[in-house]
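Residue numbers (the numbering used here): 782 to 1198.
Just so you know, even glycine gets a beta-carbon here, dropped at the ideal spot from N, CA and C.
Since the structure is predicted, the reported quantities are computational estimates derived from the model, not experimental observations.
Taking it in order: structure first as structure tokens, then the write-up.
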Ligand code: AMP
Ligand code: GLY
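Printed below as a string of structure tokens:
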């Protein structure tokens, strides 16, 4: 089996490792990849979507796995082009990937399908946004497009809302686009991942990421400073409610609206006092949740994704470890505002009951690892309890050093329930 994974971050490193561990022993390729990924997957010669598709065709690729979302909505869309060329793809076509690419599209889909979500109004101008807020604070403002995780502002008061609206409508920081003014929800957040194959689905181990930069859940929002995953993260009753009120109507809605879907769908949820509500959909696995979840996946992920991409959901190919997994992110100096590259990383040679996934690293001319981005590494460990898994992950993270290293020390320890 020959599999190509698209992406380059810590999530893709975790996916490639999980696929490599499948009993099928697939031959793996990655685009654009990273030095760490290239230790287990071969690099390919392509410089864009068209040449990527041409390469897959000439190299008899059996399965394309979309790790990262951007290629799903680029040009004609990765999955659409794969379909055109007869290549099974684990990832949805462009029209379905609008669930992630357009917050307004997602909101309308949610409302049409009676799936619980915050009330929202789409606005085109600063004045319209101010009218929609109607003096009700806190409020949530969302730029309608991909904005590298910077497009959402939870505003406690008028000055913070005006500052965000000024950035969007006056400075056009994210380019042209509308703003959704959304009701502010409260409660713990949880990330639910479902593998969807047409009208069937399989829910993976629930996870939660730690979005703030600093201990105690303080500081600015980041792409995620760590994650925890376990089937016991939420109660069986809550998971059943999420399945009935959110996952099932989403799958049914995709079918009834003619939106084909084969791939991972990420439900970003808030467990509010009145029940779970959808904050967002992402048409891919979460990062860093993937790094926490993948070590819990047992069995044959490669065959699972290949069968799924061909329209056959085969839950029996995989199973989920019952324990806890904790992922601690090591970030570079300046993150999240900026990031610093070129800092020498030491301690990667240590081995033990943990996994290290690379997100932003490169191998320099001396074959040493250097930082190369904001989030640098993910250190992941598992155990029967959350506390034990967290202690192991933090102890493993202590072994790694680089100038300017930033991390949280309460990942898996601070609980949100
Ligand atoms: P998003 O990019 O839509 O996932 O939003 C980023 C973060 O903003 C979420 O993880 C939440 O912490 C917060 N957020 C988004 N929507 C809401 C909402 N309606 N109420 C409260 N917080 C929200
Ligand atoms: N962990 C958040 C995301 O992947 O979007």
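What does the alpha-carbon distance come out to for the pair residue i and residue j?
i            : j            : result
residue 1028 : residue 1021 : 10 Å
residue 1172 : residue 1074 : 17 Å
residue 819  : residue 829  : 18 Å
residue 1071 : residue 972  : 10 Å
residue 850  : residue 1133 : 33 Å
residue 1098 : residue 1086 : 9 Å
residue 997  : residue 1037 : 43 Å
residue 945  : residue 905  : 14 Å
residue 1041 : residue 864  : 11 Å
residue 796  : residue 784  : 11 Å
residue 954  : residue 918  : 23 Å
residue 803  : residue 1078 : 10 Å
residue 869  : residue 1169 : 40 Å
residue 1131 : residue 942  : 47 Å
residue 812  : residue 827  : 8 Å
residue 831  : residue 852  : 11 Å
residue 1196 : residue 836  : 46 Å
residue 1185 : residue 1147 : 21 Å
residue 1145 : residue 1110 : 22 Å
residue 1141 : residue 1198 : 31 Å
residue 1122 : residue 964  : 39 Å
Closest by CA to residue i, which one among the options?
i            : options                : result
residue 1067 : 787, 1138, 792         : 792
residue 1189 : 1138, 1090, 995        : 995
residue 968  : 1015, 943, 1005, 960   : 1015
residue 1231 : 999, 1081, 960         : Outside the shown range of the chain, which is 782 to 1198, sits residue 1231, and nothing can be said about it.
residue 1031 : 980, 810, 833          : 980
residue 1156 : 1169, 1113, 1180       : 1113
residue 1090 : 846, 798, 822          : 846
residue 925  : 938, 911, 949          : 949
residue 939  : 958, 956, 955, 907     : 907
residue 1143 : 785, 784, 789          : 789
residue 1012 : 1102, 1053, 1040, 1023 : 1102
residue 1044 : 872, 1131, 1141        : 872
residue 957  : 883, 794, 890          : 883
residue 1129 : 1069, 1168, 1149       : 1149
residue 1069 : 1176, 874, 987         : 987
residue 1193 : 832, 1009, 1122, 1179  : 1009
residue 876  : 897, 899, 857          : 857
Is residue i close to chain D? Criterion is C-beta to C-beta, closer than 8 Å.
i           : result
residue 942 : In the displayed structure, chain D is absent; only one protein chain is listed.
Beta carbon of residue i: closer than 7 Å to some heavy atom of the ligand GLY?
i            : result
residue 1063 : yes
residue 990  : yes
residue 1007 : no
residue 770  : Coverage of the chain is limited to positions 782 through 1198, which leaves residue 770 absent and any answer about it impossible.
Quick one: residues in its chain with C-beta nearer than 7 Å to the C-beta of residue i, no 5 flanking neighbours on either side, listed in chain order?
i            : result
residue 1076 : 1106, 1136, 1161, 1163
residue 1047 : 972, 974, 1062, 1063, 1065, 1066, 1067
residue 1166 : 1105
residue 1139 : 791, 794, 815, 817, 1158
residue 848  : 786, 787, 788, 792, 793, 796, 1065
With a 10 Å radius around its C-beta and 16 neighbouring C-beta atoms as the bar for buried, classify residue i as buried or exposed.
i            : result
residue 838  : exposed
residue 978  : buried
residue 1035 : buried
residue 934  : buried
residue 999  : exposed
residue 1125 : exposed
residue 1003 : buried
residue 892  : exposed
residue 991  : buried
residue 1007 : buried
residue 1178 : buried
residue 898  : buried
residue 916  : exposed
Just to confirm, does residue i get its C-beta within under 7 Å of one of the non-hydrogen atoms of the ligand AMP?
i            : result
residue 788  : no
residue 923  : yes
residue 1071 : no
residue 1049 : yes
residue 936  : no
residue 844  : no
residue 917  : no
residue 1060 : yes
residue 879  : no
residue 889  : no
residue 1199 : Not covered by the structure: residue 1199. The range shown for the chain is 782 to 1198.
Starting from the C-beta of residue i, find all residues in its chain whose C-beta is less than 6 Å away, skip the five residues before and the five after it, and write them out in chain order.
i            : result
residue 902  : 913, 962
residue 1088 : 1095
residue 879  : 886
residue 984  : 975
residue 824  : 814
Spatial neighbours of residue i within its chain, please: CB distance less than 8 Å, with the 5 preceding and 5 following residues excluded, ordered by chain position.
i            : result
residue 1116 : 994, 1003, 1155, 1156, 1187
residue 1024 : 984
residue 1182 : 1126, 1127, 1128
residue 866  : 834, 837, 838
Within the present structure, is the beta-carbon of residue i separated from the nearest heavy atom of the ligand HEM by less than 7 Å?
i           : result
residue 854 : The ligand HEM is not part of this structure, which contains only the ligand AMP and the ligand GLY.
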